[in-house]
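When you line the sequence shown up against the working numbering, it's residues 1301 to 1842, in that order.
First the structure, in the form of structure tokens, and then the observations on it.
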Amino acid sequence: MTSRIVPLSGHLSGLIGEDENLAITSRFAYFASAETYTSDNYLKLVGASRLSTSPNCFQEMTENKVVDPKLLRGFRDYLPDQMNARQKMIDTIRGVYERYGFLPLDTPAQEYKVTLLGYGEENTKQIFSFENPEEEEVALRFDLTVPLARVVAQYPDLVFPFRRYQVAPVWRADKPDPGRFREFVQFDLDSVGTSSIAADVEIICGMYDTLKALGIKNFKIRFSDRKILNALLDFASIPQSMSHAVLRILDKLDKIGVDEVSKELMKGRIDASGAKIEGLGLSSAQVDKLKRFLSLPSRNRREVLESVKNLFAGVASGKDSLTDVDFICASLTTLKIPEENVVFDPSIARGLDYYTGPVFEAILTDLPEFGSVFGGGRYDGLVERFLGKKIPATGASIGVDRLLAALLKLNLIESAPSTAKVIVTVMEPGRLSDYQILTRELREAGINTEMYLGEEKSLGKQLQYANRQEIPIAVIIGGDEFANNSVTIKNLKLGGQLQDKKKTAVGKEREEWLELSRSVQKTIQRGECLAAIREMLGTQSK
């Protein structure tokens, strides 16, 4: 998807001048639709009816026109409650990666277009590309792995194995659909410069520990090896030149089922929208052999391995294809990684074209409709494109937005609209400095604290604000408290819970809730404020 705005000339450049031309062009250069703007339609784009010979014509145009606040198709905003949940999830994942000794890395959103080309037809079609002010062909990254390969090639002093993690947005020009966006965040971990399959085992273990750390109980990490799928082509008498096409179709198995996959491998099929999907033209005998492979029993890792060995017994490439998987299975058993969470599934075929060895992906068994939330594999040939020699590498990537949506649906993470744990209400505006001092004391003690700075004067309205922001504790200091050098602390979270309980409780249970409600609010001496808040926060965390 290439977008270009042509240099302005003639009467238009004379109207707005070089500086204004650059200012307007920079506004529309990056995510414009795929067309070339001429002087005529460029005038329409920027509202040329408002242009004048004034040096400030662009400023006058923007000042006199209300801009419609709307998002580009395929993009979205993250409001504070969503950002708080996402940041908490990212911090948990980062903690796991750093326990493994992985190092942080960041790379630019833009790369030279040639850097991102050559990784499959599908990825090439999805690239957002354009010309920068220097008229160079550049593009937005579609993943974090290709930029990593560029970094490894560009910096010869990196210490190998180079073990890095990175969390950042990527862009793909997919057709926007519900749940499918053109900008999304990935979180990767990779080991570059090691051919040891123990590195692949470590990636799988990192995936397992990450999902456990996020509180997910029901998940499956499935792993296999691209070499097994190459041996499968030999078993089914399919030329290796067709491997990418065949594997892309096999990768749809979970989405469309074996029958639709079989049709697409042979004469083609009609998809759910009624569109014709061209087939590969394989024979029924070839597809029958593929189906025999796909129907292998799925029991424990060792039994599946033996089943594949037996199926490939007469295939020259079959034995070598299973060596690495054999090592992975043995290592996982040694490390006591449970069979119910990590399984050998020889049918998985990662969609990207650059995987060369073990591949892995994770699904949430309670939410199968979410698809893969975590996946990757070995890509020993990726850096070769930049260095001219192979550099072994393996890694995996989390789809942050998809995984966050799953955690929210499973109620495993809170989407609180505020980061504050305490709000200091302001009852006596003339004593604002006293409220500021208390607020600063709490912040210096490591407690996230907000002082109310809104327009509402009444305590009730300020507490309503705190409840809407889900701030759990309020500190109240009015005239009586100032006179007695005291503060009142209110547990808003407990108060809300008790209100709900008291509505349905009867008899003795109701009396117990009423008794408990007396602990919702207490007045103490000013010097005891910090300790009391810490105690209240500790009770809430339990």
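A virtual CB, placed ideally from N, CA and C, is assigned to each residue, including glycine.
Candidates Thr-1445, Glu-1398, Glu-1661, of which the one nearest Thr-1415 by Cα:
Thr-1445
Coil, strand or helix - Met-1389 by DSSP
helix
Mapping the DSSP letters down to three states, classify Thr-1725 as helix, strand or coil.
coil
Given Val-1452 as reference, the closest of Ser-1595, Asp-1680, Gly-1401 once Cα atoms are compared:
Asp-1680
Cβ distance (whole Å) where Gly-1493 is taken to contact Tyr-1400 below 8 Å:
Contact doesn't hold; Cβ gap of about 16 Å is too wide.
Measuring only the C-alpha atoms, how far is Gln-1410 from Arg-1441?
6 Å
Name the two residues that bound the continuous alpha helix (DSSP H) containing Glu-1741.
1732 to 1744
What's the C-alpha gap between Gly-1695 and Ala-1832?
47 Å
Looking only at its own chain, which residues have a Cβ that is under 6 Å from the Cβ of Leu-1511, when we skip the five neighbours before and after it?
Phe-1519
Nearest to Cys-1629 by alpha carbon, out of Thr-1656, Ala-1498, Phe-1593, Gly-1515?
Ala-1498
How about Ala-1531 and Ser-1617: are their beta carbons less than 8 Å apart?
yes
CA nearest to the CA of Trp-1471, picked from Phe-1375, Gln-1821, Glu-1502, Ser-1595
Phe-1375
How should Val-1673 be labelled, buried or exposed, when 16 other C-beta atoms within 10 angstroms of its C-beta is the threshold for buried?
buried
Please give the ranges of any alpha helix (DSSP H) in the segment 1394 to 1474, keeping only runs that are unbroken, at least 4 residues long and fully inside the region.
1413 to 1416, 1421 to 1425, 1445 to 1454
Reduced DSSP secondary structure (H/G/I, E/B, other) of Gln-1840
helix
When you compare the CB positions of Val-1722 and Ile-1698, do they come within less than 8 Å of one another, or not?
no
Where Gln-1486 and Lys-1527 are concerned, what is the direct C-alpha to C-alpha distance, given to the nearest angstrom?
27 Å
Considering only C-alpha positions, which residue in the set Asp-1500, Gly-1779, Leu-1514, Pro-1692 is nearest to Leu-1448?
Pro-1692
If we call anything under 8 Å between Cβ atoms a contact, is Asp-1500 one with Pro-1658?
yes
So, Ile-1771 versus Met-1836, is the Cβ gap smaller than 8 Å?
no
How big is the Cα-Cα spacing for Ser-1333 and Ala-1385?
With a pLDDT of only 39 at Ser-1333, under the threshold of 50, the placement of this residue in the model should not be trusted, and no figure is reported.
Looking at the unbroken beta strand (DSSP E) that takes in Phe-1664, where does it start and where does it end?
This sequence places Leu at residue 1664; Phe is not what is there. Looking at the DSSP string, the run of the beta strand (DSSP E) that includes Leu-1664 is 1658 to 1664.
Hey, out of Leu-1547, Val-1820, Glu-1781, Ile-1777, whose CA is closest to Asn-1791's CA?
Val-1820
Assuming Phe-1670 and Arg-1522 are in contact, meaning their beta carbons sit under 8 Å apart, how far apart are those beta carbons, in whole angstroms?
At roughly 15 Å, the Cβ-Cβ gap does not stay under 8 Å, so Phe-1670 and Arg-1522 are not in contact.
Residue nearest to Gln-1382 in terms of C-alpha spacing, selected from Arg-1702, Lys-1591, Leu-1738
Arg-1702
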